[in-house]
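Undergrad:
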Amino acid sequence: MSPNYVVVPQWQGSVSPRAMRLVDGAEAIRGDLPFSVTYPVDVPVEAGDSLDTGIHRFSSLLTVRDRQLAVLRTSTEPVLTIGGDCGVSFGAVEHASRRHPGDIALVWFDAHPDLHTSESSQSGGFGGMVLRAILGDGTDGLALDPDARITPDRVVLAGVRDIDPAEDVYITEQGIPLVPVESFNSPDALVAAVKRTGAAHIYLHIDLDVLDPATIVGLSNIYPFGLAVESLTGAIVALRKEFTLAGATIAGFAPSSPEAANDDLPSILRIIGALTR
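For the sequence shown, our numbering begins at 3 and goes up steadily by one.
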């Protein structure tokens, strides 16, 4: 994959107290990307308004989606999207799905399934709703249309370990497979789960909180007992041997300082290398 890079320093989808650090994290990663194929998305400074949707900062999230899609549409190559919060995967997956209609499996590497709706979410943060929105459930403007949405039978949850009760009910009802951290001694279980979707293309959403916090410090959300970097990169390489990569997201990098960012960047660049080599 020789991708274009789209950098989206969005923070409005996060309710983490570290949310504003996501801007710094996206810019830190951007500094190590090839300039000629890296395209920034202008994110509004203002928080935005919920507009009675139950989604915090809804108006700004809509603006970012429109600006992100405008940049994505200029690319004829697969895109590696750099966040920002997990909400940046909404527009990125939409773009990939329209390029490969009906033929994408979505692998969701994340500590959380992000399957809430505005009705079930206690926080109101879109970052916790984004996968459900990709599946077509949500508020107009932040729910994919039938011709772009991914269906639940094409989703695989990877490394997810913090599931709220409403999300657990949905996962069970829809039969969405979950490959737990303890299955990552080998990538075989994950590859098999993706093969069962029947798709030839994959989109990889990677929230860095899928990693163990002992591995990477600058996380917007911290949840223990995650993957090692080696397990994640090994899984990416194994998936790329079997499927065509339609695109990917890296989200959730929230370093406390430039020095702290430098400590974590080698691990992030290893992940980028696994996605692009």
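Even for Gly, the Cβ is constructed at its ideal location relative to N, Cα and C.
Since the model is a prediction, treat every value here as computed from it, not as a measurement.
For S259, count neighbouring Cβ atoms within 10 angstroms of its own Cβ and tell me buried if that reaches 16, exposed if not.
TA: When all chains shown are included, S259 counts as exposed.
Undergrad: Mapping the DSSP letters down to three states, classify G138 as helix, strand or coil.
TA: In this structure, G138 counts as coil in the three-state DSSP scheme.
Undergrad: Can you check whether the CB of I84 is closer than 8 Å to the CB of V10?
TA: Taking 8 Å as the Cβ cut-off, V10 and I84 qualify as a contacting pair.
Undergrad: Quick one, are the C-beta atoms of H58 and L74 less than 8 Å apart?
TA: No. Outside cutoff.
Undergrad: Is the stretch 192-210 touching the stretch 138-151 in the sense that three or more CB pairs, one from each, lie closer than 8 Å?
TA: With the cut-off at 8 Å, the stretch 138-151 and the stretch 192-210 do not touch.
Undergrad: Which same chain residues, not among the five before or five after G50, have their C-beta less than 7 Å away from its C-beta?
TA: Q14, R59, F60, S61, S62, L63, listed in sequence order.
Undergrad: Using DSSP with H/G/I as helix, E/B as strand and the rest coil, what is L117?
TA: Coil at L117, not helix or strand.
Undergrad: How many angstroms separate the CA atom of Y225 from the CA atom of S122?
TA: The straight-line gap from Cα to Cα measures roughly 21 Å.
Undergrad: Three or more C-beta pairs under 8 Å: does that hold for the stretch 32-51 against the stretch 113-120?
TA: These segments do not touch.
Undergrad: Using the beta-carbon count (16 or more within 10 Å), is S99 buried or exposed?
TA: The residue is buried, with at least 16 neighbouring Cβ atoms inside 10 Å.
Undergrad: As a quick exercise: from A135, S52, F111, pick the residue whose alpha carbon is nearest that of S233.
TA: Looking at the Cα atoms, F111 is the closest of the given residues.
Undergrad: Using only alpha-carbon positions, find the residue among L213, G177, Q176, T174 that is nearest to V183.
TA: The option with the nearest alpha carbon to V183 is L213.
Undergrad: How would you write the range of the alpha helix (DSSP H) that G275 sits in, first residue to last?
TA: Per DSSP, G275 belongs to the alpha helix (DSSP H) from 260-278.
Undergrad: Nearest by alpha-carbon distance to A30: which of A262, R279, R272, G129 is it?
TA: Looking at the Cα atoms, A262 is the closest of the given residues.
Undergrad: I178: which of I204, T40, R279, L137 sits nearest, CA to CA?
TA: Answer by Cα proximity: L137.
Undergrad: Using 8 Å for Cβ pairs, my map puts V90 next to T246. What's the rounded Cβ distance?
TA: Actually they do not touch by this definition, with Cβ atoms about 22 Å apart.
Undergrad: Please return the same chain residues whose Cβ sits closer than 6 Å to the Cβ of N6, not counting the five positions on each side in sequence.
TA: The answer, listed in chain order, is V39, S77, E79, V81.
Undergrad: So, under 8 Å CB-CB, G27 and G220 are touching, yes? Tell me the CB distance rounded to an integer number of Å.
TA: Yes, G27 and G220 are in contact; Cβ-Cβ is about 6 Å, under 8 Å.
Undergrad: What are the start and end residues of the beta strand (DSSP E) that includes F111?
TA: Segment 106-111, the beta strand (DSSP E) holding F111.
Undergrad: Leaving out the 5 sequence neighbours to the left and right, which residues in its chain are closer than 6 Å to A237 when beta-carbon positions are compared?
TA: Excluding positions up to five away in sequence, the list reads P189, L192.
Undergrad: Taking the continuous beta strand (DSSP E) assigned at H207, which residues delimit it?
TA: Segment 203-209, the beta strand (DSSP E) holding H207.
Undergrad: What is the DSSP secondary structure of A160, reduced to helix, strand or coil?
TA: Residue state, collapsed to three classes: strand.
Undergrad: In chain order, what residues of the same chain lie with their CB nearer than 6 Å to the CB of F255, ignoring the 5 residues before and after it?
TA: Hits under 6 Å: G27, L210, G220.
Undergrad: Rounded to a whole number of angstroms, what is the C-alpha to C-alpha distance between T2 and D139?
TA: In the structure displayed, the chain extends from 3 to 279; residue 2 sits before or after that span and is not available.
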